[in-house]
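Asker:
Protein chains in written order, with this note's numbering: chain A, 10 to 121; chain B, -12 to 99.
1) Starting from the Cα of residue 117(A), find the closest Cα among 29(A), 12(A), 10(A) and give me that residue.
2) Are the beta-carbon atoms belonging to residue 34(A) and residue 81(A) less than 8 Å from one another?
3) Could you check whether the stretch 106 to 115 of chain A touches the stretch 60 to 74 of chain A, counting it as contact only if at least three pairs of C-beta atoms, one from each stretch, sit closer than 8 Å?
4) How would you list, in chain order, the residues of chain B whose beta-carbon sits under 9 Å from the beta-carbon of residue 54(A)?
5) Could I get the ranges of all uninterrupted beta strand (DSSP E) runs contained in the stretch 20 to 72 of chain B, with 3 residues as the minimum, in chain order?
6) If I measure Cβ to Cβ from residue 96(A) and keep anything under 7 Å in the same chain, skipping five residues before and after, which residues do I get?
7) If you follow the beta strand (DSSP E) that residue 74(A) is part of, which residue opens it and which one closes it?
8) Counting pairs of beta carbons, one from the stretch -3 to 13 of chain B and one from the stretch 26 to 36 of chain B, are three or more of them closer than 8 Å?
9) Count the other CB atoms, across all protein chains shown, that sit within 10 Å of the CB of residue 17(B); report buried if there are 16 or more and exposed otherwise.
10) So, is residue 42(A) buried or exposed, given that buried needs 16 or more other C-beta atoms within 10 angstroms?
11) Per DSSP, what kind of secondary structure is residue 93(A) in: helix, strand or coil?
12) Thinking C-beta only, is residue 13(A) closer than 8 Å to residue 78(A)?
13) Use the C-beta contact count for residue 20(B): other C-beta atoms within 10 angstroms, 16 or more gives buried, fewer gives exposed.
14) Is residue 60(B) near residue 73(B), with beta carbons less than 8 Å apart?
15) Closer than 7 Å by beta-carbon distance: list the chain A residues that pair up with residue 33(B), in chain order.
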């Protein structure tokens, strides 16, 4: 099992550009989520999904879009990047939101 | 809403010292409680968990006891090693099981 994979590992964007952060898991988990990690603020939930076709907003959803067309994949889209979105992004999956989360290695994003 | 508060870091210890990282929570009902660890450049991974009051989670010499009366879940280790240097996150799952809420993280440095 590869577990949770994320691509790319590192990305530099200019303000206003758009991009998609990829996340995939091979554990047949129904629940997937995206977090951003900023110094001193821990992990903040951006969006989550409880199954294919079902998504919901977390704590900091503005500026981000998600969709869940398959159980395996949960991409995160930045619509128009802003410097405030400079962060490390983690994808996680689990059997449900209250169980142990399995994290990907993260994507480090720099918006200039 | 539900929240997790953990002691600010960094915590700096010498090898073989005793470690305590404090964690308190606010939640309705009876959440599950977790400690995750993040090594440099990696995603988070589960260290231990407890699902009900008075349960003790343990792993790799680390322990934490779910104390409902004090709403706490303090992490302890009797003798730390240099390899324990990492960031430690306390977390809880909400009663609905849809979300995991993380504390801000505590960085631990262990000196040889």
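Cβ atoms here follow ideal geometry from the backbone N, Cα and C, with glycine treated the same way.
Answerer: Taking the coordinates as given:
1) 29(A)
2) yes
3) no
4) Those within 9 Å of residue 54(A) in chain B are 86, 87, 88, 89.
5) Fully contained in the stretch 20 to 72 of chain B are the following beta strand (DSSP E) runs of length 3 or more, in chain order: 20 to 25, 31 to 37, 43 to 46, 49 to 52, 62 to 64.
6) 45, 46, 47, 118
7) 73 to 75
8) no
9) Exposed, because fewer than 16 other Cβ atoms sit within 10 Å of the Cβ of residue 17(B).
10) When all chains shown are included, residue 42(A) counts as buried.
11) helix
12) no
13) buried
14) Cβ distance not < 8 Å, so residue 60(B) and residue 73(B) don't count as in contact.
15) 109
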